[in-house]
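One structure below.
Chains as they are written, first to last, in my numbering: chain A, 1 to 252; chain B, 1001 to 1335; chain C, 2001 to 2385; chain D, 3001 to 3291.
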């Protein structure tokens, strides 16, 4: 197995406060790798560091062997990294389908000239893009919303839509920030199924999630952090039996 | 059939074309043509500005600077250096595009009010230069611009032309030229919006964060749309200069920038018909208010304020929603 | 003049007679006088008295029976000091209202914006704005009332020369009036053997010009300072000038020739000189001054009607209207070409601004001498001669 | 040489103090509501013109000033209640247009009621300028600086020491949280507009003896104030003061040493330069993008 993400000595300070401190771990290709920890442990900060929204104070992050520290999110997207957000980032000024089609942005070769005059090459490309996006919407289970304005969709549907958009980019690694938050039992079960299907296609998945049942059931490996530091790392079985983790969650 | 028309993305362009070309049959007075031509020119300008403000969500309070730059470049090149007007117009657009690109790169990193401030500053600097370089521009008193001509064929509002056996007076000819320009401007803008590029632009407005995660180079796209809207402004500025035959630095000034952005917001952002309507209303309002004498300013301000308070989305989208609701009800809630 | 007005009175009498005899005269089509002025906006101090004057005298002329037995109709638009508005309203006057003659254009920008339309539509246009570019080169259909800024510059330089100054500092506003005045001053200074050794400007809304004045003061050999500008700017310059205690002779242009300027500048204006129409000093004009009568009656009527003091600028509108009326009467009709020709033929019309002698190569008809040099003394204007 | 420099500095500080006061007005409203109030300049106009008008009715200057300031506060509160509050969810651009519309409306009314002439407000303490090191300082400039300083200190105390002041700040940081702890946010916003109008009108009447006053004086003052506020960093009181003074000094120095024609262009270039390197102005908070 090749290493997809490798993190070494990662530090992030905000005005002297350590949000992330000395974090080290690596994610292998094709794994479902989850990050858990109490509220405020620095999980989302970690995601923001990996996906280029924050720049680390110190440390090294490599993606497929290439150092990506200080790289903009759009450059990372070009390298196959895509993500969703705890606070969903949906373009409410577009339809659901357009949101997914946006996800294929990097796959499209048309330029200013072809766009301005709507040349046939552009129309062909758009058609292919639309088809693929519709497939993905069906894949994540929101096929019925194709012509709906994003602003008119339910919370659960939007969560899936965001995943469809991320998948539209044909990512090598997908980072999901609390995908199950706000979903009911059935929806969570569907989500679990969806994540499995994505992983089966060879996409590496990183997950920040509070739903322990989901996380324990689905993950290949887990990273537990608290106060920005690594508390434990291992298989679900190892984590479940780790005394530090139990202390942090139950008594800490 | 009608349903397909309603679904067609360019349906409003057809409606617009019909309106533009039917109007001359209803008007007699050359003064109305004069006003209508100006409306068409300014409407094409705000269609370009709308790409930046309405779709990409980036504010510009200095766009008249580009409009004025185009106008003055054409004016100076054709009068002092005897360039052919079309060449001057194209070179002006290229130069303005370049300037917009150079200043746009750093400016568009700014957000919200800081971006407004920076665009305002750029507009001001352009206006100050035009105002001060009076050897070239005639300074604050303005300068005369030669009429538009192409291969020795001159287009003047006081000329008389024949086309397909029809006698067309100059003011109607100008109107038709401006009408065609507006339609071209709208079609190109709509094509851009409906392209992947347009999608990327709109995503910057919808969620810049989402745009970046899917790989949209937001900085590049922002400066691209900034340049496109500046080029729109420059071309229409050149056209306006030849049309009116006399320009003053006021067309590059802050007040005019505000007028432009008000047209976009008043009519309805991100809606080509909306911004065109905005241009129509804002251009006609002073003519209607002329009778109110000293109350004109107060009434104008009041209308502006009230419209934005009660129709924050602009009156075209508000009106369309109202119509749609009505239609929806009458057809038994089918929609 | 006496003869002319006698003629007019005869005309009025005839008209009144005609009215009483023929009821149909009531239906006489009005003569349409079009006007666009900067009644509001930054140049409102020009447009406001201009409009008041036009309204008042159109009313007065109509009461006296009109012109050629026809009433005058004033059609006016406010261009807010914006040149494109001016152009649009000029278009509206010509093409929609179909006026017979235009008297208006408070600022040079507004006037020049309307010129291409006026020339193409071939309609007589009497401008009330200052810059020499309006009538130089001569435009067939365009006339103007005020002395040009070049004349003002010449008159000031003449007075400076007379007092033996040969190096001056210039400070001017960046608005149309100031910028054009600056250009003319620089162009004609050498003719008077005067060198402009310092050249500063200020913006239309600047609130302090001390820095510019300090620069001028520190320039070697400055004998006098000239400020070309209008609006509140020159009043601030005057105040700053006094505060800096610059003990050099100080000149303003005709742009500040109104009592409002004295109110704003207060004591600081004491001793400054400027070229102006005699309208500012109606009561101190000598008995033999040819303009005395017309100036005094205009000043009196304006004050009686509006309750405020006259300004030079209202005087422009008075002369503009009277020139138009005279040309229409002489032409005997409102035929545009005939009226234009008669405007060009006007000789010896004694107005508020000066004595007009038009010619095919002179569509202004005034000489620099029509400017009187005034000095501020004890808070009031005083004739220096 | 030095006296020249000193003169430019005095001039710059006088102009700058005016800009700073306008910028502070922007800051108060921005802090409470994140709105840039383009009608801010009209408060200055009401301060100056109101004083002139009330003095014209024979009211002594001191009371005329108080009446004018009260009038401005009323207008400020009305502006918030009638124009800003109903549009609370509008876009940034829409709010800009609303405040511009309001500014045109107020100006239009002022023009009808008070006329179009420029007016003089008598200086607070005589016309005699002060001479210092070969340079001249208008005595009214000292009033501008003094009143400016007093207002700044009063504002700082107000925002840090009083309950209402803290409520305004709290509302700006988190509207919901402020509501939860019982702050009436509508009340606070009204207060912020009233306060900003008070500041603006006091500034307006203080600078009127130097700049004169007229119905349309607000437009460009507001613009310069906005430049100053943005340069200092929106929302920062210190930024507004530093931004204003800096802008004034740069203008005066440019007029003195480089070119009076391009002094505004230099000022605008400077703000561009500041924003290129500090996208939130000199003292603007460095916030982290929250994802």
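For glycine and all other residues, C-beta sits at the position ideal for the given N, C-alpha and C.
In this structure, what does DSSP give as the bridge partners for residue i?
i	result
residue 206 of chain A	A/33 and A/175
residue 232 of chain A	A/224
residue 2196 of chain C	C/2168
residue 2357 of chain C	C/2347
residue 95 of chain A	A/149
residue 26 of chain A	A/6
residue 2077 of chain C	C/2036
Can a CB atom of chain C be found closer than 8 Å to the CB of residue i?
i	result
residue 3129 of chain D	yes
residue 3226 of chain D	no
residue 3184 of chain D	no
residue 3008 of chain D	yes
residue 1250 of chain B	yes
Under 8 Å, do residue i and residue j count as touching if we go by C-beta distance?
i	j	result
residue 2213 of chain C	residue 3212 of chain D	no
residue 3224 of chain D	residue 3247 of chain D	yes
residue 162 of chain A	residue 84 of chain A	yes
residue 3275 of chain D	residue 1114 of chain B	yes
residue 2256 of chain C	residue 2282 of chain C	no
residue 3083 of chain D	residue 3065 of chain D	no
residue 25 of chain A	residue 230 of chain A	yes
residue 2074 of chain C	residue 2058 of chain C	yes
residue 137 of chain A	residue 97 of chain A	yes
residue 1260 of chain B	residue 1049 of chain B	yes
residue 2352 of chain C	residue 2379 of chain C	no
Counting only C-beta atoms, is residue i closer than 8 Å to chain B at any point?
i	result
residue 110 of chain A	yes
residue 169 of chain A	yes
residue 2023 of chain C	Reliability of the predicted coordinates at residue 2023 of chain C is poor, the pLDDT of 42 falling under 50, and the value obtained from them is presented with this limitation in mind. Answer no: the Cβ-Cβ gap between residue 2023 of chain C and chain B never drops below 8 Å.
residue 2308 of chain C	no
residue 2390 of chain C	Outside the displayed span of chain C (2001 to 2385) sits residue 2390 of chain C, for which this structure offers no information.
Under a CB-based cut-off of 8 Å, is residue i close to chain D?
i	result
residue 2366 of chain C	no
residue 2272 of chain C	no
residue 2040 of chain C	yes
residue 2266 of chain C	yes
Does the beta carbon of residue i sit closer than 8 Å to a beta carbon anywhere in chain A?
i	result
residue 1168 of chain B	no
residue 1319 of chain B	no
Residues within the region 1297-1316 of chain B neighbouring chain D, beta-carbon criterion of under 9 Å:
1297, 1298, 1299, 1300, 1301, 1302, 1303, 1304, 1305, 1306, 1307, 1308, 1309, 1310, 1312, 1313 and 1314
Curious, which full-length beta strand (DSSP E) runs of at least 3 residues does the region 1100-1178 of chain B contain?
Annotation note: the region 1100-1178 of chain B contains the following uninterrupted beta strand (DSSP E) runs of length 3 or greater, listed N- to C-terminal: 1148-1150, 1153-1155, 1160-1163 and 1166-1169.
Quick one: which residues of the region 1254-1286 of chain B get their C-beta closer than 9 Å to a C-beta of chain D? List them in chain order.
1254, 1255, 1258, 1261, 1262, 1264, 1265, 1266 and 1269
Selection of the region 2198-2221 of chain C by Cβ proximity to chain D, strictly under 7 Å
2200, 2201, 2202, 2203, 2205, 2207, 2208, 2210, 2211, 2212, 2214, 2215 and 2218
Using a beta-carbon distance cut-off of less than 8 Å, what residues from the region 3249-3266 of chain D approach chain B?
For the region 3249-3266 of chain D, which is checked against every Cβ of chain B, the residues closer than 8 Å are 3261, 3262, 3264 and 3265.
In the region 2172-2256 of chain C, which residue ranges form an unbroken beta strand (DSSP E) of at least 3 residues, counting only runs that do not cross its ends?
For the region 2172-2256 of chain C, whole beta strand (DSSP E) runs of length 3 or above, ordered along the chain, are 2195-2202, 2224-2228 and 2250-2252.
Interface positions of the region 3090-3107 of chain D facing chain B (Cβ-Cβ less than 9 Å), listed along the chain:
3090, 3091, 3092, 3093, 3094, 3095, 3096, 3097, 3098, 3099, 3100, 3101, 3102, 3103, 3104, 3105, 3106 and 3107
Contact residues within the region 1024-1036 of chain B, judged by C-beta distance below 8 Å to chain C
1029, 1030, 1031, 1032, 1034 and 1035
Please list the residues of the region 1137-1154 of chain B that have a C-beta atom closer than 8 Å to any C-beta atom in chain C, keeping them in chain order.
1139, 1140, 1141, 1142 and 1144
Which of the residues in the region 114-138 of chain A, read from start to end, lie with their CB under 8 Å from any CB of chain B?
114, 115, 116, 117, 118, 122, 125, 126 and 129
Between the region 2221-2246 of chain C and chain D, which residues of the former have a C-beta closer than 9 Å to a C-beta of the latter?
Residues of the region 2221-2246 of chain C with a C-beta less than 9 Å from any C-beta of chain D: 2231, 2232, 2235, 2236, 2239, 2240, 2242, 2243, 2244 and 2245, listed in chain order.
Using a Cβ cut-off of 8 Å, which residues of the region 1184-1217 of chain B contact any Cβ in chain A, in chain order?
1188, 1191, 1192, 1194, 1195, 1196, 1197, 1198, 1199, 1200, 1202, 1203, 1205, 1206, 1207, 1209, 1210, 1211, 1212, 1213, 1214, 1215, 1216 and 1217
Taking a cut of 8 Å between CB atoms, which residues from the region 2041-2054 of chain C lie near chain D?
2041, 2042, 2044, 2045 and 2048
Between the region 2173-2185 of chain C and chain D, which residues of the former have a C-beta closer than 9 Å to a C-beta of the latter?
2174
Quick check for students: name the residue ranges of the beta strand (DSSP E) that lie wholly in the region 56-84 of chain A, counting only runs of 3 or more.
58-63 and 81-83
Quick one: which residues of the region 1116-1135 of chain B get their C-beta closer than 8 Å to a C-beta of chain C? List them in chain order.
1131, 1132 and 1134
Return the residues of the region 3129-3145 of chain D that lie within a Cβ-Cβ distance of less than 7 Å from chain C, sorted by chain order.
3129, 3136 and 3138
Minimum length 4: unbroken alpha helix (DSSP H) runs contained in the region 3195-3267 of chain D:
3218-3232 and 3237-3253
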